[in-house]
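In what follows, a single structure is set out as structure tokens and then discussed.
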Amino acid sequence: MKNHQFKSKILKTGKVLLLFFAIMFGSCDWVNNKLSDEEIAQGLKSALEVGTQYALKTLGKEDGFLLDQAVKIGLPEDAAKFIQKASAHPLTAYLVKGLEDQLVKTMNRAAEVAVEDVVPIFVDAITGMTIQDANNILFSKNDFAATDYLKSKTYNPLSKTCLSIIEDALNKKILGVGSAQDVWSLLSQAHNTASSLVPSLGWEPIETDLSLYTTHKALDGVFVKIGDEEQNIRYNASARVNDILKKVFGQLDK
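As numbered in our numbering, residues 2 to 255 make up the sequence shown, in order.
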């Protein structure tokens, strides 16, 4: 009888110890898996670095914009409508088609050149991210929270840098054609003259600033690519190319 009671106490003690160790080891695992604020910030910065490098490498080369339908820069809406109408007439179709092709190609080439010079602006914004910013971004329901953060911090300085480069590119003379700005002036003047001489056409004047338009479209394309990569890192473990990305964004898999 005493032997039975002794065995019973041993079993109870063993269960208590097992429970104790389970709690202890479980707690240790939780502590080990819990991210520090510094790690979260480091992980978000790394994600933005990876996304920015991807965007600039993808777009900052010949045909980076031009052959990518997701970011290709087309004519401003007011000019596109004129081209469409003019293309319906045999006498003007060939002429305006040539102008459109030249403008689109030059705008995209200008964007490809411009994004090569924006790295320092992105670096400053990424290194300036605070711990509070990082915490808000990581667990946001917005899949593009990091990209939106970066856009809010960089869009204005990026615009200034890119606008200067794009203006130079659009004013560069092209053999036999003049510059893109020359072509744009010819196109808009033809449209605006026709609209004033024949009011019944109902055409609104073309007033778009080509350099500013191209700059905004170029930056929109850059942030599209950064956003694509952020979403990829959030949902695709294979896109987490270093240990801190795996640790931080692995928390989103749980």
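The beta-carbon is built from N, C-alpha and C at its ideal position, and this holds for glycine as well.
Note that the coordinates shown come from a computational prediction; the quantities given were computed from them, not determined experimentally.
1. Spatial neighbours of S180 within its chain, please: C-beta separation below 7 Å, excluding the five flanking residues on both sides.
2. Cβ of V249 within 8 Å of Cβ of L49?
3. What residue does the alpha helix (DSSP H) around G228 start on, and which one ends it?
4. Taking 8 Å as the cut-off, decide whether the C-beta atoms of V242 and V124 are in contact.
5. Grouping DSSP H, G and I as helix and E and B as strand, with all else coil, what is G179?
6. With H, G and I counted as helix, E and B as strand and the rest as coil, what does DSSP make of V242?
7. Could you give the residue range of the alpha helix (DSSP H) that holds P158?
8. Taking the alpha-carbon of Q182 as reference, which of L100, K142, G44 has the nearest alpha-carbon?
9. In whole angstroms, what separates the C-alpha of N136 from that of R110?
10. Would you mind giving the Cβ-Cβ distance between V120 and L57, rounded to the nearest angstrom? I have them listed as a contact below 8 Å.
11. So what does DSSP say about H192, is it helix, strand or coil?
12. Could you check what DSSP says for S197 in three-state terms: helix, strand or coil?
13. What does the alpha-carbon distance come out to for the pair F140 and A240?
14. Identify whether A71 lies in helix, strand or coil by the three-state DSSP scheme.
15. Rounded to whole angstroms, what's the CA-CA distance from L138 to M130? Just pull it up for me.
16. Can you tell me which of E168, D118, K154 puts its alpha carbon nearest to the alpha carbon of T216?
17. What does the alpha-carbon distance come out to for the pair A147 and D64?
18. Thinking just about the alpha-carbon of each residue, which of V72, S47, V105 is nearest to the one in V223?
19. Compute the Euclidean distance between the alpha carbons of D118 and D229, then round it to the nearest angstrom.
20. Taking the beta carbon of E78 as the centre, do at least 16 other beta carbons fall within 10 Å, making it buried, or is it exposed?
21. Count the other C-beta atoms from every protein chain shown that fall within 10 angstroms of the C-beta of H90, then say buried if there are 16 or more, exposed otherwise.
22. In whole angstroms, what is the alpha-carbon distance linking I245 and D254?
Concretely, from the data shown:
1. The residue given as residue 180 occupies position 179 in the sequence shown. Closer than 7 Å at the Cβ level, and outside the excluded window around S180, lie L171, N172, K173, K174.
2. Stepping through the sequence shown from its first residue, residue 249 is reached at position 248. Stepping through the sequence shown from its first residue, residue 49 is reached at position 48. No; because the gap between Cβ atoms is not below 8 Å, this pair is not in contact.
3. Within the sequence shown, numbered from 1, the residue matching residue 228 stands at position 227. Segment 211-236, the alpha helix (DSSP H) holding G228.
4. Looking up residue 242 in the sequence shown gives position 241. Looking up residue 124 in the sequence shown gives position 123. In terms of Cβ geometry, V242 and V124 do not form a close pair [threshold 8 Å].
5. Translated into the one-based positions of the sequence shown, residue 179 becomes position 178. G179: strand per DSSP, three-state reduction.
6. Translated into positions along the sequence shown, residue 242 becomes position 241. Here V242 sits in coil by DSSP.
7. In the sequence shown, the residue the question calls residue 158 occupies position 157. First-last of the alpha helix (DSSP H) with P158: 146-172.
8. On the sequence shown, residue 182 is found 181 positions in, with the first residue counted as 1. If you compare the alpha carbons of L100, K142, G44 with that of Q182, the shortest gap goes to L100.
9. Translated into positions along the sequence shown, residue 136 becomes position 135. Translated into positions along the sequence shown, residue 110 becomes position 109. Rounded to the nearest angstrom, the gap between the Cα atoms of N136 and R110 is 38 Å.
10. As a position in the sequence shown, residue 120 is number 119, starting the count at 1. As a position in the sequence shown, residue 57 is number 56, starting the count at 1. Correct: roughly 7 Å between the Cβ atoms.
11. On the sequence shown, position 191 is the one that residue 192 refers to. Assignment of H192 by DSSP, reduced to helix, strand and coil, places it in the helix class.
12. Reading the sequence shown from its first residue, position 196 is the one you call residue 197. Residue state for S197 is assigned as helix, using DSSP reduced to three classes.
13. Sequence index remark: in the sequence shown, residue 140 carries index 139 (1-based). Sequence index remark: in the sequence shown, residue 240 carries index 239 (1-based). Straight-line measurement puts the Cα of A240 at about 18 Å from the Cα of F140.
14. Against the sequence shown, residue 71 aligns to sequence position 70. Looking at A71 - three-state DSSP - the assignment turns out to be coil, as it is neither helix nor strand.
15. By one-based count along the sequence shown, residue 138 stands at place 137. By one-based count along the sequence shown, residue 130 stands at place 129. Looking at the sequence shown, residue 138 is not Leu but Ile. Rounded to the nearest whole angstrom, the C-alpha separation of I138 and M130 is 10 Å.
16. Position 215 of the sequence shown, counting from 1, holds the residue named residue 216. Ranking E168, D118, K154 by Cα distance to T216 puts E168 first.
17. Taking the first residue of the sequence shown as position 1, residue 147 is located at position 146. Taking the first residue of the sequence shown as position 1, residue 64 is located at position 63. Cα to Cα, A147 sits roughly 27 Å from D64.
18. Residue mapping note: residue 223 aligns to position 222 of the sequence shown, counting from 1. Minimum Cα distance to V223 is reached at V72.
19. Counted from its first residue, the sequence shown places residue 118 at position 117. Counted from its first residue, the sequence shown places residue 229 at position 228. It is roughly 21 Å from the alpha-carbon of D118 to the alpha-carbon of D229.
20. For the purposes of this step, residue 78 is taken as residue 77 along the sequence shown, with counting starting at 1. So E78 ends up on the exposed side.
21. On the sequence shown, residue 90 is found 89 positions in, with the first residue counted as 1. Residue environment: H90 is assigned as exposed (fewer than 16 neighbouring CB atoms within 10 Å of its CB, all protein chains considered).
22. Sequence index remark: in the sequence shown, residue 245 carries index 244 (1-based). Sequence index remark: in the sequence shown, residue 254 carries index 253 (1-based). Roughly 15 Å separates the two Cα atoms.
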